[in-house]
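All residue numbers for the sequence shown refer to the working numbering, where the first residue is 48 and numbers rise by one.
Each residue gets a CB set at the ideal place from its N, CA and C atoms; glycine is no exception.
All values derive from a computational prediction rather than experimental measurement.
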Amino acid sequence: MNLRPKLLLGYLVFVAALVVLGAWSAWRLREMGGVSRRIIANNYDSVVAAQEMKESLERQDSAAVFALLGATGKATLQLREHRARFDANFDKAAHNITEVGERETIENIRRDRDLYYQMFDSFFAQATAPGGVNAVERDEYFTRLEPQFNKLRADCEQLLELNQRAMLAKSAAAAGVAQLWFYRTLLIAGTLVTAGVFLAFALSNRIVKPLRQLTASTTRIAGGDLDARVTVSSHDEVGVLAAEYNRMAERIRQLRNSDTGKLLVAQQTTEAAIDSLYDPVIVTDADGRVTKLNPAAEEIFGAERTNAGKHVGEIARDERIASAVAEALESQRPVTGDGMSQVLPLAVDGSERAFRVRTTPMRDGGKHLLGAVTLLEDVTHLREIDRLKSDFIATASHELRTPLTSVQMGVYLLLEGAAGELNDKQTEVLSACREDCERLDKLMRDLLDLSRIEAGESQPKLETVDLHALITREADELRPRVEAKNLSFQVQLATDLRPVTADPSQISRVIANLVVNAIRSTRDGEIKIEAVPRGRYVNVSVSDTGTGIPAEYLPHIFDKFVQVPGASAGGAGLGLAISRLIIEAHGGQISAQSELGQGSTFSFTLPIAAQAANSRSLNA
48 MNLRPKLLLG YLVFVAALVV LGAWSAWRLR EMGGVSRRII ANNYDSVVAA
98 QEMKESLERQ DSAAVFALLG ATGKATLQLR EHRARFDANF DKAAHNITEV
148 GERETIENIR RDRDLYYQMF DSFFAQATAP GGVNAVERDE YFTRLEPQFN
198 KLRADCEQLL ELNQRAMLAK SAAAAGVAQL WFYRTLLIAG TLVTAGVFLA
248 FALSNRIVKP LRQLTASTTR IAGGDLDARV TVSSHDEVGV LAAEYNRMAE
298 RIRQLRNSDT GKLLVAQQTT EAAIDSLYDP VIVTDADGRV TKLNPAAEEI
348 FGAERTNAGK HVGEIARDER IASAVAEALE SQRPVTGDGM SQVLPLAVDG
398 SERAFRVRTT PMRDGGKHLL GAVTLLEDVT HLREIDRLKS DFIATASHEL
448 RTPLTSVQMG VYLLLEGAAG ELNDKQTEVL SACREDCERL DKLMRDLLDL
498 SRIEAGESQP KLETVDLHAL ITREADELRP RVEAKNLSFQ VQLATDLRPV
548 TADPSQISRV IANLVVNAIR STRDGEIKIE AVPRGRYVNV SVSDTGTGIP
598 AEYLPHIFDK FVQVPGASAG GAGLGLAISR LIIEAHGGQI SAQSELGQGS
648 TFSFTLPIAA QAANSRSLNA
């Protein structure tokens, strides 16, 4: 039997077990529902009818009192209404006899009702006559009619108690049956699970055992023992794999017998590995000249035979590819473009795709530089997924703004006394609601900003900016918040700061985000803003003496919704992500350094304005 039928058989057994258990449970649940329906149909309706008869009887007795007081019209209406109501409920109870003794009780009610009606009508006719009744007749009425009233009421009470006791008895019996079915269902489920686990272990061992043998043989061959073979014990896919594996090992043994075979295998393996890659690969020598293009790269840059020997800068459509190769060859270290600004849009088969550049230097056994391998990782699907997520977040945030605004307005009006004076507890609850609404509003605004930046709708409005004045102004606005926590706030700006090309409002937002994060993570100590020129850029850093960030979170600290465990609450993990997108849109980079218990330093770079850079080079 092949592997597929084996696996299907195992899954079918599990499915059958689930069907059996589900059918059993559904059957029992249906029976329990029938028990509940019978309780309601048999007893609950009679209980309600008995209760209604008691109430109607009381109302009829009240009608006699109204007649004695002279309210003849009201007494007549009340008598007619509640006698009809009593008779309707009596008929309902008489047609729902389900318990032992209930029929006798119904007959007692019928007999006592007729007698009570006869006596009551006689008295009521006298009471509503023009002369009315005197005191003697009234006393006689209460002497003869009241015992009959109490007897009829006792009959109704007996009917009520009889059905209530029946409901309690049936409910207790149903609970016992439900408990029995529960244990039986638990037993069936346990049996099916045990059988399924046993079958799963048996089936997995039957499949995995030959794979373990194959792994052991592979380990021996990797260790140099080319005489290792695999025992073919089945005719399924694993058996076919074992047979082909033995044939491959035989071929390897033959090739190893000659040096030519060794070289041929090495060359073929290398070329096959590169050609089989889905992503474009460019192989260059130590001078940056192209030596190899895989088929995926040929679709972008042209055929390998026409581009071999050319410098990578001549065939690359984006200077960032040539820059990555030059940097990898110069530093002899891998170069990876992880930022959004490092994603290259390239046309492939008439459609634009997004690629991320990864360049790694090649060395021989003596660590001599041979060249570099550049992989263009296709991240089109990732960008599309990210776009869909951003669109969803933007739509959801936009749609939530209106109801949230209404909620905020309602809470504000309540706090302002629009609904009257509030007590302290109500004020406390509404204040907490207002704070939560403000946090939610900030979160949605951040989500909208993030989606706009990612979609390219919030491009920076670049201009020449005096960074010294911008940082000083932003620090003055933030200083009260820092000093409110008894923290020292220092601003150290180099005297030779040059103007930068930036959007002042967006850079101010980045600085504010970094300082606010520093305030949250620092209980005592200081927060410092520094700015120094570095080549063609200005480096701005915000450092603190707070709790620091664990090393495992540093690589992901600028991702969306990342929050360090134990950090002070107050944000949704979007501030640093927005800051990263802003800085990368300016052509700079942002990074973080931190050590637990020692504090953190966040740094970002901004390009010096072209006029300032030219002036500086002339002065030099």
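Contact check for R405 against V426 fails: the beta carbons are separated by 8 Å or more.
For I347, the uninterrupted alpha helix (DSSP H) run begins and ends at P342 to F348, by DSSP.
Within the model, the alpha-carbon separation for E424 versus P327 is close to 7 Å.
Cβ atoms of A632 and V547 stay farther apart than 8 Å, at about 14 Å. Here DSSP, grouped into helix, strand and coil, assigns T594 to coil.
Under the three-pair Cβ rule at 8 Å, the stretch 516–529 does not count as touching the stretch 475–495. The continuous alpha helix (DSSP H) containing E361 extends over residues V359 to I362. Nearest C-alpha to Y325 among D334, E346 and T316: E346. In this structure, S650 sits away from S552, with a CB-CB distance that is not shorter than 8 Å.
When the Cα atoms are used, E377 and A419 turn out to be separated by approximately 11 Å. In the three-state DSSP reduction, F651 falls in the strand class (E or B). If only complete runs of 4 or more residues are kept, the stretch 476–552 shows the alpha helix (DSSP H) at 514–530, in order along the chain.
When DSSP states are grouped into helix, strand and coil, T353 belongs to the helix group. Straight-line spacing of the CA atoms in F248 and V62 works out to 17 Å. Within its own chain, no residue has a Cβ closer than 6 Å to the Cβ of V224 once the five positions on either side in sequence are excluded. Its Cα nearest to that of T421, the residue I329 stands out among G349, V512, I362 and I329. Separation of L246 and L233 (C-alpha to C-alpha, rounded to the nearest whole angstrom) is 20 Å. A check of alpha carbon separations from F170 across F137, V94, E208 and L126 identifies L126 as the nearest. The shortest C-alpha to C-alpha distance from R253 to any of A263, G286 and T238 is the one to G286. Spanning the alpha carbons of L258 and I321 requires a straight line of approximately 28 Å. Between G148 and L209, the C-beta gap is smaller than 8 Å, which places the two residues in contact.
From the listed residues M166, V94 and D202, the smallest Cα separation to I153 is found for D202.
Per the Cβ contact rule, the stretch 528–536 is in contact with the stretch 551–567 (3 or more Cβ pairs under 8 Å). DSSP places R405 in the uninterrupted beta strand (DSSP E) bounded by S398 to R410. In the three-state reduction of the DSSP assignment, A269 falls in the helix class, which pools H, G and I. Residue pairing by DSSP places I329 opposite L340 and T421 in a beta bridge. Bridge pairing for S638: S650 [DSSP]. The C-beta distance from T652 to Q640 rounds to 14 Å, too long to fall under 8 Å, and the pair is not in contact. Cα atoms of M214 and V458: separation of roughly 48 Å, rounded to the nearest angstrom.
If you compare the alpha carbons of R191, E151, N143 and P602 with that of Y163, the shortest gap goes to R191.
Within 10 angstroms of the beta-carbon of H129 lie 16 or more other beta-carbons, which makes it buried. With 16 or more neighbouring CB atoms inside 10 Å of its own CB, M100 falls in the buried class. Measuring C-alpha to C-alpha distances from E510 to each of R486, S103, P654 and K357 identifies P654 as the nearest.
A578 is a Cβ neighbour of I518, given a cutoff of 8 Å.
If you check the CB distance, T569 and G593 come in under 8 Å. Residue environment for S93: buried (at least 16 other C-beta atoms within 10 angstroms of its C-beta).
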